[in-house]
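Here the structure comes first, spelled out in structure tokens, and everything after it is commentary.
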Amino acid sequence: MRRTHLLRWSGTVLTPRTRPNSCLSITFAIQSRNAATATAYANYTPGIDKPVEPSPYESLPSPPPEASRKSARLAALHARLYLSSRIPLETLGRCLVDSTADRHDSFNNSSLAILGNDVLAYHTSELILCRYPRLPSAVILASTSAYIGPYALSDLAKSWGVEAAAVPGGEVDAGLLQFRAIKSDNSESEVRAGVLEKEGKISSKSWKRGVSSLMKQDDFFGEITGREILTPVQSTSIESEYMAAGPGSTYQGACTNFVRAVFGAVYVHAGRQAAKNFFNAHIASRKLEVSKMFVFRAPERDLARLCAREGFEPPVARMISETGRLSVAPVFNVGVFSGKEKLGEATGASLQEARFRAAVSALKGWYLYSPLQVQVPSDVEGDGSKEWTPVLVDGGEVVW
Amino acid sequence: MVSLRPATSKPLTLSYLSLFRSQRKPSSSTLSQTRTQATTRRTTKAHRNAPGPTATPSSKYLAPATPTIIFHPPPSAPSPYQTPPLFLPPSDPRKTLLAQSHAFNNPYASGARPLPPLVRAPAPEEKKYHLSEEDIIEIRRLRAKDPWEWTVPRLAEKFGCSKIFINIAAPATTKRREWGLALHQRYRDRWGNKRRDAVLDRHKRRELWEKDL
Chain A
47 MRRTHLLRWS
57 GTVLTPRTRP
67 NSCLSITFAI
77 QSRNAATATA
87 YANYTPGIDK
97 PVEPSPYESL
107 PSPPPEASRK
117 SARLAALHAR
127 LYLSSRIPLE
137 TLGRCLVDST
147 ADRHDSFNNS
157 SLAILGNDVL
167 AYHTSELILC
177 RYPRLPSAVI
187 LASTSAYIGP
197 YALSDLAKSW
207 GVEAAAVPGG
217 EVDAGLLQFR
227 AIKSDNSESE
237 VRAGVLEKEG
247 KISSKSWKRG
257 VSSLMKQDDF
267 FGEITGREIL
277 TPVQSTSIES
287 EYMAAGPGST
297 YQGACTNFVR
307 AVFGAVYVHA
317 GRQAAKNFFN
327 AHIASRKLEV
337 SKMFVFRAPE
347 RDLARLCARE
357 GFEPPVARMI
367 SETGRLSVAP
377 VFNVGVFSGK
387 EKLGEATGAS
397 LQEARFRAAV
407 SALKGWYLYS
417 PLQVQVPSDV
427 EGDGSKEWTP
437 VLVDGGEVVW
Chain B
2 MVSLRPATSK
12 PLTLSYLSLF
22 RSQRKPSSST
32 LSQTRTQATT
42 RRTTKAHRNA
52 PGPTATPSSK
62 YLAPATPTII
72 FHPPPSAPSP
82 YQTPPLFLPP
92 SDPRKTLLAQ
102 SHAFNNPYAS
112 GARPLPPLVR
122 APAPEEKKYH
132 LSEEDIIEIR
142 RLRAKDPWEW
152 TVPRLAEKFG
162 CSKIFINIAA
172 PATTKRREWG
182 LALHQRYRDR
192 WGNKRRDAVL
202 DRHKRRELWE
212 KDL
């Protein structure tokens, strides 16, 4: 496989940045110390309230790149994440600026987040597909979302110890997450398969959207592409002026974009292998119970269909053991057999339940097949010494 | 306090086996005493079994100095991550590497143990696939003509096929379906709290089956 050319993509990130619309020349030598800091106590005269001098940064929507060097929080975050020294603090500072805080794309994290999202989705999908090559599409979408969806990424940001600034601005510590906060509106949130956030609202399309459509047309989680711009909630308080000033984001959305941007930054500055290591350390290391993401409506029918397709003998339920058939609490242990091979086994409190659950267990045995040695494409990318063994491709899920 | 022991009976000697004869029928003529495991001590004693052969290394076969691995997992449901041998793809090395182990674990294949009995009686007859296109047109015509006269069971009997097939080939008209739904709704409206709760609970349990919880 060929290496991707990073530098072609990353021009906007690596070039020195200037703000053309509001070029402020800030000289740090004459910067007056903010009266709120502790050492200002020396100049304090009792009885006279000295007016706080406005910081020259206050006119900026987000901290300038130079401020990143002075932030202890940012340095601590850099060290805590064990990031390479090739990733400058300025870039990490930029990752913390959401597009709702600073609209200028050279200073917010939107470009890095787009790149980071693609890096995350690439590694996640190769991880899931190579580890469980027979998973049904719906479970693939749900596990992708469970690994790199908004819920998982915002949890990750919290565990990294990232805190949000109350209000974004140029004078705010560069180590704080900056976004224009709006209240999350849970009533409208679109939760499908229990994992999805409202990133794009399902438009009023007349046709029914099937799983194939989700896989083919939409984003990595089966949601319609295109993030909906959330308009701030109108209120009558003094916040209304701020809230009405522009689009906002939820805390979860801002955290998600921040984590994506960090992955983008690692990819751009430290390279493909570093991004993969970072992914393995922070995403792939999280345990996901894939076996609990299944819902079967008619497992016995599905299993019969599967056996017919694969050329196995039709499945039959056989009673392995039972106890208390005439009591109030019977237990039946039923196995599903194809010929003389047992496919699955389960217990139930009724014959119907035991048969149903045994069929579910057999189907899970089929879908959760995992090869002995999991090799992903990025393991052999750019390395001629390793040979790629193709992933198993077979009939896949049972489709009616 | 009156002694229940009849004068003629022998003094009772407690044997180990008599502990398990708790369901002895009392004779109608004489009042005989039966001993049951009514006390904690006797139950504990009865349950005091020797550990299973796999629980400890046997000194008969292993020298005491030999390090051994004791593998004695508790009985539990099989893991869903363990692929049944039949479902392993032909390219998988486990197919050949674990062939011996799979054969050992499946006593039914070698005939060492007979297959367990079926849970349900097998389907009485094979599928016949005997209906022609004209038959299906006739089924549809009859069902559309008078769905109250030509119900699903009646059509299935006339054409010798399953009721499911009739439902697939000639689904009910909207009018008939709404009539049926309204009928069921009338029945449901007559349910009391007990039955409604029981049905709701059944639906909830069914959801647990579907999610395998």
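Chains as they are written, first to last, in the working numbering: chain A, 47 to 446; chain B, 2 to 214. Where is the CB? At the ideal position from N, CA and C, for every residue including glycine.
### Message
Against B/Glu211, what residues of chain A qualify as contacts under a CB-to-CB distance less than 7 Å, listed in chain order?
### Response
Counting from 1 along the second sequence, the entry for residue 211 of chain B is found at position 210. The answer, in chain order, is Val341, Phe342 and Arg343.
### Task
Could you check how far apart the C-beta atoms of A/Val312 and A/Leu129 are, in whole angstroms? I think they sit under 8 Å.
Start at 1 with the first residue of the first sequence, and residue 312 of chain A comes out as number 266. Start at 1 with the first residue of the first sequence, and residue 129 of chain A comes out as number 83. A/Val312 to A/Leu129, Cβ: 7 Å. Contact.
### Residues of its chain near A/Ala321, where Cβ-Cβ distance is below 7 Å and the 5 sequence neighbours each way are ignored
As a working mapping, residue 321 of chain A is identified with position 275 in the first sequence. If we look at A/Ala321 and ignore the five residues flanking it on each side, its Cβ neighbours are Val165, Phe309, Val312 and Tyr313.
### Query
Could you give the distance in angstroms between the alpha-carbon of B/Glu208 and the alpha-carbon of B/Arg177?
Here residue 208 of chain B refers to the residue found at position 207 of the second sequence. Here residue 177 of chain B refers to the residue found at position 176 of the second sequence. Note on geometry: alpha-carbon atoms of B/Glu208 and B/Arg177 lie some 29 Å from one another.
### Message
With a threshold of 8 Å between beta-carbons, can A/Gly317 be considered close to chain B, or not?
### Response
Looking up residue 317 of chain A in the first sequence gives position 271. Judged by the 8 Å Cβ criterion, A/Gly317 is not in contact with chain B.
### Query
Over what stretch of residues does the beta strand (DSSP E) that includes A/Val341 continue unbroken?
For this step, residue 341 of chain A is matched to residue 295 along the first sequence. For A/Val341, there is no enclosing beta strand (DSSP E), as DSSP marks it with neither H nor E.
#### Entry: Start-to-end residues for the beta strand (DSSP E) that takes in A/Ile194
Position 148 of the first sequence, counted from the start, is the residue given in the question as residue 194 of chain A. Annotation for A/Ile194: no beta strand (DSSP E) segment contains it, though the alpha helix (DSSP H) segment containing it runs Ser183 to Ile194.
### Task
Could you tell me the distance, in whole angstroms, from the CA atom of B/Leu184 to the CA atom of B/Asp198?
For the purposes of this step, residue 184 of chain B is taken as residue 183 along the second sequence, with counting starting at 1. For the purposes of this step, residue 198 of chain B is taken as residue 197 along the second sequence, with counting starting at 1. So the two alpha carbons sit approximately 20 Å from each other.
### Task
Could you please give the first and the last residue of the uninterrupted alpha helix (DSSP H) stretch that includes A/Gly162?
Here residue 162 of chain A refers to the residue found at position 116 when the first sequence is read from its first residue. Here the alpha helix (DSSP H) through A/Gly162 covers Ser156 to Arg177.
### Task
For B/Ala78, return the contacting residues in chain A, with the cut-off set at a CB-CB distance below 8 Å.
Translated into positions along the second sequence, residue 78 of chain B becomes position 77. Going along chain A in sequence order, the residues near B/Ala78 (Cβ under 8 Å) are Glu391, Ala392, Thr393 and Ser407.
### Query
Is there contact here, the region 219-227 of chain A with the region 192-201 of chain A, by at least three beta-carbon pairs under 8 Å?
Taking 8 Å as the limit for Cβ pairs, the verdict is that the region 192-201 of chain A does not touch the region 219-227 of chain A.
### Query
Taking buried to mean at least 16 other C-beta atoms within 10 Å of its own C-beta, is B/Phe72 buried or exposed?
Looking up residue 72 of chain B in the second sequence gives position 71. If you draw a 10 Å sphere on the C-beta of B/Phe72, you find fewer than 16 other C-beta atoms in it, and that means exposed.
### Task
Tell me whether A/Val445 sits in a helix, a strand or coil according to DSSP, three-state version.
Position 399 of the first sequence, counting from 1, holds the residue named residue 445 of chain A. Three-state result, A/Val445: coil.
### Task
Could you give the DSSP three-state label for A/Pro361: helix, strand or coil?
For this step, residue 361 of chain A is matched to residue 315 along the first sequence. In the structure shown, A/Pro361 adopts extended strand secondary structure according to DSSP, grouped into three states.
### Message
Please state whether the Cβ-Cβ distance between A/Ala132 and A/Ala327 is less than 8 Å.
### Response
For the purposes of this step, residue 132 of chain A is taken as the residue at position 86 of the first sequence. For the purposes of this step, residue 327 of chain A is taken as the residue at position 281 of the first sequence. With the sequence shown as reference, residue 132 of chain A is identified as Arg, and Ala is not the correct amino acid for it. No, Cβ-Cβ distance for A/Arg132 and A/Ala327 is not below 8 Å.
### Task
Provide the residue span of the beta strand (DSSP E) that contains A/Glu399, from first to last.
Residue mapping note: residue 399 of chain A aligns to position 353 of the first sequence, counting from 1. Segment Leu397 to Tyr413 is the alpha helix (DSSP H) holding A/Glu399; no beta strand (DSSP E) there.
### Task
Report the neighbours of B/Arg95 on chain A: residues whose CB is nearer than 7 Å to its CB, in chain order.
As a position in the second sequence, residue 95 of chain B is number 94, starting the count at 1. Neighbours of B/Arg95 on chain A, chain order: Leu418.
### Query
For chain A, is any of its Cβ atoms less than 8 Å away from the one on B/Phe88?
As a working mapping, residue 88 of chain B is identified with position 87 in the second sequence. When Cβ-Cβ separations below 8 Å define contact, B/Phe88 makes contact with chain A.
### Query
So, do the region 352-365 of chain A and the region 376-384 of chain A have three or more beta carbon pairs nearer to each other than 8 Å?
For the pair of segments examined, the region 352-365 of chain A was found to touch the region 376-384 of chain A: the number of CB pairs separated by less than 8 Å reaches three.
#### Entry: beta strand (DSSP E) segment containing A/Leu389, residue limits
For the purposes of this step, residue 389 of chain A is taken as residue 343 along the first sequence, with counting starting at 1. For A/Leu389, the enclosing beta strand (DSSP E) starts and ends at Glu387 to Gly394.
### Query
By a C-beta neighbour count over all protein chains shown, 10 Å radius and 16 as the cutoff for buried, is A/Lys388 buried or exposed?
Taking the first sequence and counting its residues from 1, the one referred to as residue 388 of chain A is at position 342. That one is buried.
### Query
What does B/Ala110 touch in chain A if you count any residue whose Cβ is under 8 Å from its own?
Counting from 1 along the second sequence, the entry for residue 110 of chain B is found at position 109. Residues of chain A whose Cβ lies closer than 8 Å to the Cβ of B/Ala110 are, in chain order, Lys386 and Glu387.
#### Entry: Cβ separation of A/Glu104 and A/Gly216, assumed to be a contact under 8 Å, to the nearest whole Å
Walking along the first sequence from the start, residue 104 of chain A turns up at place 58. Walking along the first sequence from the start, residue 216 of chain A turns up at place 170. Between A/Glu104 and A/Gly216, the beta carbon gap of about 6 Å places them in contact (Cβ cut-off 8 Å).
### Message
For the alpha helix (DSSP H) containing A/Phe325, name the first residue and the last one.
### Response
By one-based count along the first sequence, residue 325 of chain A stands at place 279. In the DSSP annotation of this structure, the continuous segment of the alpha helix (DSSP H) that includes A/Phe325 starts and ends at Arg318 to Phe325.
### Task
Rounded to whole angstroms, what's the CA-CA distance from A/Ala354 to A/Asp348? Just pull it up for me.
Within the first sequence, the letter at position 308 stands for residue 354 of chain A. Within the first sequence, the letter at position 302 stands for residue 348 of chain A. So the alpha carbons of these two residues sit roughly 10 Å apart.
### Query
Along chain B, which residues have their Cβ under 9 Å away from the Cβ of A/Ile366?
As a working note, residue 366 of chain A is residue 320 in the first sequence. Per Cβ cutoff of 9 Å: Pro117.
### Query
At a Cβ threshold of 8 Å, is A/Val445 touching chain B?
The sequence position of residue 445 of chain A within the first sequence is 399, counting from 1. Taking Cβ atoms only, chain B never reaches closer than 8 Å to A/Val445, which makes this a no.
### Message
Considering just the uninterrupted stretch of the alpha helix (DSSP H) at B/Gly181, what are its terminal residues?
### Response
Taking the second sequence and counting its residues from 1, one reaches residue 181 of chain B at position 180. Per DSSP, B/Gly181 belongs to the alpha helix (DSSP H) from Thr175 to Asp190.
### Task
Compare the C-beta of B/Asn107 against all C-beta atoms of chain A and say whether one is closer than 8 Å.
Locating residue 107 of chain B in the second sequence gives position 106, counting from the first residue. For B/Asn107, the answer is yes, since a Cβ of chain A falls inside 8 Å of its Cβ.
### Task
Have a look at A/Ser205, A/Leu438 and A/Gly299 and flag the residue whose alpha-carbon is nearest the alpha-carbon of A/Leu127.
In the first sequence, counting from the first residue as 1, residue 127 of chain A sits at position 81. Among A/Ser205, A/Leu438 and A/Gly299, the Cα nearest to that of A/Leu127 belongs to A/Ser205.
### Query
Per DSSP, what kind of secondary structure is A/Ala113 in: helix, strand or coil?
Walking along the first sequence from the start, residue 113 of chain A turns up at place 67. If DSSP states are grouped into helix, strand and coil, A/Ala113 belongs with the helices.
### Query
What are the residues of the region 368-382 of chain A that lie near chain B, defined by any Cβ-Cβ distance shorter than 9 Å?
So the list reads Phe378, Val380 and Gly381, given in the order they occur along the chain.
### Query
Taking 8 Å as the CB-CB cut-off, is A/Trp434 touching chain B?
Against the first sequence, residue 434 of chain A aligns to sequence position 388. Taking Cβ atoms only, chain B never reaches closer than 8 Å to A/Trp434, which makes this a no.
#### Entry: Residue(s) in a DSSP beta bridge with A/Glu99
Position 53 of the first sequence, counted from the first residue, corresponds to residue 99 of chain A. Paired residue(s): none; A/Glu99 is not in a bridge.
### Message
Residues in the same chain with beta-carbon distance under 8 Å from B/Leu116, minus the five sequence neighbours each way, listed in chain order, please.
### Response
Position 115 of the second sequence holds residue 116 of chain B. Cβ neighbours of B/Leu116 beyond the five flanking positions: Tyr109.
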